[in-house]
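Peer 1: At position 89 of the sequence shown (counting the first as 1) the number is 90 in the working numbering, and the numbers step up by one without a gap.
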Amino acid sequence: MPINRHLFLGLRVSDPETYQGISELLDYVESLAGQLRLEPRPAAQVSAAAALPPPLPAAGFQVTGADGHFEISIANHPSNQSLVYHELASSTNRQFDAAGASAVFGPENRTQWTIADPAAAKYWRLRSKYLGSAFNAPIYFTQPGADGPSTVASGVLRSASTAGRTQHVANSITVYAEYLPAGAALQNGDTSDGSPTLDWAAAAIYKDGGATQIAIPKTTIRGLSPATAYAAAWNLSSNAASYSSNGSQLLGDDLIYLATVTTPAAVGGALSAAGGGPDALGATANSGRYAYT
2 MPINRHLFLG LRVSDPETYQ GISELLDYVE SLAGQLRLEP RPAAQVSAAA ALPPPLPAAG
62 FQVTGADGHF EISIANHPSN QSLVYHELAS STNRQFDAAG ASAVFGPENR TQWTIADPAA
122 AKYWRLRSKY LGSAFNAPIY FTQPGADGPS TVASGVLRSA STAGRTQHVA NSITVYAEYL
182 PAGAALQNGD TSDGSPTLDW AAAAIYKDGG ATQIAIPKTT IRGLSPATAY AAAWNLSSNA
242 ASYSSNGSQL LGDDLIYLAT VTTPAAVGGA LSAAGGGPDA LGATANSGRY AYT
């Protein structure tokens, strides 16, 4: 007689790995028996013996985009067993077809996903199953307040290395290093207090591939040391200037590097000027560009 697989049906949910191993072993035994003509295998025999109902749809899932990645968090339905296998799909259209460059991830038994897909805007779909069951009906990510499936933007990709984290776009800022007598006019129109200064006029720079414009106001940094190289940057978090004589101190995702200039050694010395220029630590010149690090 065919092996009664109902005896193992309870393992589908409580111990799916064991159930899968037993099922594969029984498939092999029955196939071998059929080849040896020990017993005919009825064509209508179903390997799983009975259909296991799929899990209830997930309670919800969240999709966010940053640094060229999609971060996805899934909340399992509280009535489901713990071993639920989730399958995600992304697409540029709501049909999730070939025209939308649809991609499938999983199914896997996890609720946190990080998927690299730089500079993309995608719709997201989720469906789930138990091992041995069919998939449940898919659910779609929807932004709060939206009346249907919503796209999420992944953002621009940045690597963790200093060299790879530069993104160059147009920058019209010129940074000056000056050491003038008190009362003398600086390059940006401010008045010198007699100490070495860094200064620049108001300008705009762009980030995220040029999509975001950042207005940088006229700035004067006073009281610096003579004959010293300073790296200047703009802090996006505090909306204020940052500077350091140690360029590595200016690395950070909230800083836009402007230029590195050297203050004159004495009052009235020749000014130093640079614009938009070298990459993160001043290693490579890129005239008219800036590095976002």
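We put the CB at the ideal spot given by N, CA and C, even for glycine.
Here the structure is a predicted model, which is why all the values come from computation and not from measurement.
Could you give the residue range of the beta strand (DSSP E) that holds Lys-123?
Peer 2: Taken as a continuous stretch (DSSP letters only), the beta strand (DSSP E) holding Lys-123 covers 122 to 130.
Peer 1: Roughly how many angstroms separate the alpha carbons of Ala-242 and Ala-267, rounded to a whole number?
Peer 2: 24 Å
Peer 1: If you follow the beta strand (DSSP E) that Ile-116 is in, where does it begin and where does it stop?
Peer 2: 113 to 117
Peer 1: Starting from Gly-1 and walking both ways along the beta strand (DSSP E), at which residues does that stretch end?
Peer 2: Residue 1 is absent from the structure shown; the chain starts at 2 and stops at 294.
Peer 1: What span of residues does the beta strand (DSSP E) with Tyr-258 cover, start to end?
Peer 2: 256 to 263 is the span of the beta strand (DSSP E), which, as asked, contains Tyr-258.
Peer 1: Can you tell me which of Ala-100, Ala-120 and Ala-232 puts its alpha carbon nearest to the alpha carbon of Tyr-177?
Peer 2: Out of Ala-100, Ala-120 and Ala-232, Ala-232 has the C-alpha closest to the C-alpha of Tyr-177.
Peer 1: Specify whether the segment 93 to 100 and the segment 64 to 83 touch according to this definition: at least 3 beta carbon pairs, one from each stretch, less than 8 Å apart.
Peer 2: no
Peer 1: Just verifying my parser: in three-state terms, what is the DSSP assignment at Tyr-20?
Peer 2: Helix, per DSSP.
Peer 1: Suppose you measure from the CA of Asn-247 to the CA of Ala-205; what does that come to, to the nearest Å?
Peer 2: 25 Å
Peer 1: Is the beta carbon of Thr-175 less than 9 Å from the beta carbon of Ala-185?
Peer 2: no
Peer 1: Name the residue from Thr-221, Ile-257, Pro-218 and Leu-225 whose alpha carbon lies nearest to the alpha carbon of Asn-236.
Peer 2: Of Thr-221, Ile-257, Pro-218 and Leu-225, the residue nearest in Cα terms is Ile-257.
Peer 1: Would you tell me roughly how many angstroms separate the C-alpha atoms of Leu-57 and Glu-18, rounded to the nearest one?
Peer 2: 21 Å
Peer 1: According to DSSP, simplified to helix, strand and coil, what is Tyr-177?
Peer 2: strand
Peer 1: Does the segment 222 to 229 come close enough to the segment 141 to 161 that 3 or more CB-CB pairs lie under 8 Å?
Peer 2: Contact fails: fewer than three Cβ-Cβ distances are below 8 Å.
Peer 1: Please classify Asn-240 as buried or exposed, where buried requires at least 16 neighbouring CB atoms within 10 angstroms.
Peer 2: exposed
Peer 1: According to DSSP, which residues form a beta bridge with Leu-89?
Peer 2: Phe-106 and Leu-127
Peer 1: I'd like to check one pair, Ser-74 with Tyr-124: are the Cβ atoms closer than 9 Å?
Peer 2: no
Peer 1: Please report how far the alpha carbon of Gly-195 lies from the alpha carbon of Gln-214, in whole angstroms.
Peer 2: 34 Å
Peer 1: Would Glu-179 pass as a contact of Thr-261 if the rule is Cβ separation under 9 Å?
Peer 2: no
Peer 1: Measuring only the C-alpha atoms, how far is Ser-151 from Gly-270?
Peer 2: When rounded, the distance between both Cα atoms is 59 Å.
Peer 1: Give the DSSP bridge partners of His-70, in chain order.
Peer 2: Ala-67 and Ala-117
Peer 1: Leaving aside the five residues before and after Lys-130 along the sequence, list all residues of the same chain whose C-beta is less than 8 Å from its C-beta, in chain order.
Peer 2: Pro-55, Pro-56, Val-85, Tyr-86, Glu-88, Pro-108, Phe-136 and Asn-137
Peer 1: For Leu-53, which three-state DSSP category applies?
Peer 2: Note: Leu-53 maps to strand in three-state DSSP.
Peer 1: What did DSSP end up calling Ser-238 once you bin it into helix, strand or coil?
Peer 2: In the structure shown, the three-state DSSP call for Ser-238 is coil.
Peer 1: Of all the options Ile-222, Trp-201 and Ser-273, which has the alpha carbon lying nearest to the alpha carbon of Ala-216?
Peer 2: The residue with the shortest Cα to Cα distance from Ala-216 is Trp-201.
Peer 1: Are the Cβ atoms of Asp-118 and Ser-155 separated by less than 9 Å?
Peer 2: yes
Peer 1: For Val-153, which residues does DSSP report across the bridge?
Peer 2: Lys-123
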